[in-house]
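Please read the structure below before turning to the comments.
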Amino acid sequence: MRERTGGCLCGAVRYAVRGEPTHVGCCHCADCRKRSGSAFAIYAHWPLEAVDLDGELREYDGDRFCATCGSRLGSIEDDTVEINLGTLDDPPFDLVPQAELWIKRREPWLHPVEGASQYRENRH
Ligand SMILES: [Zn+2]
Ligand SMILES: [Zn+2]
């Protein structure tokens with residue numbers, strides 16, 4: 094089974110995820126921009142039991158981030174862990190979004206991901 098590793102910028106938080114993610118998504122919404130400091134968020138879901146996480150995390154509104162350097166690792170909801178894919182080691186991470194959310198907020202110089210479902214706003 095494939096294992097991917099990742100962590101924060103300073104190295105205080107490390108994680109490993111086993112197997113392929115159950116979902117890969119990309120979100121262009123205003124909140125994801127603020128959270129990430131970037132133009133969009135790119136993330137994937139793994140079952141809780143497929144994730145090993147080590148290090149001190151802080152939390153704001155469900156977002157988990159390194160207590161030292163502030164890198165945002167993702168969130169945990171019930172038995173699903175959402176990992177911000179920019180925190181994976183050895184880029185590029187070789188995972189392609191299956192869905193793009195809030196495309197009405199997408200920067201005009203970004204193009205739709207081929208094969209990904211396109212949602213004007215949220216998926217639900
Ligand atoms: Zn850190
Ligand atoms: Zn969003």
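Here this note's numbering = 1-based position in the sequence shown + 93. Glycine is no exception: its CB is placed at the ideal position from the N, C-alpha and C atoms. In this text, all values refer to a predicted model and were calculated from it rather than measured experimentally.
Which residues mark the beginning and the end of the beta strand (DSSP E) in which Cys-119 is found?
-> 116-120
Answer yes or no: the CB of Thr-161 versus the heavy atoms of ligand 1, is any distance below 6 Å?
-> yes
Given that a residue counts as buried once 16 or more other Cβ atoms are within 10 Å of its Cβ, and exposed if not, what is Gly-99?
-> buried
Classification of Ala-123 by the beta-carbon crowding that lies within 10 angstroms, buried from 16 upward | exposed
Could you tell me the boundaries of the alpha helix (DSSP H) in which Ala-123 lies?
-> 123-129
Which ranges does the beta strand (DSSP E) cover as unbroken runs of at least 3 residues, wholly within the stretch 159-208, from first to last along the chain?
-> 165-170, 173-177, 192-194
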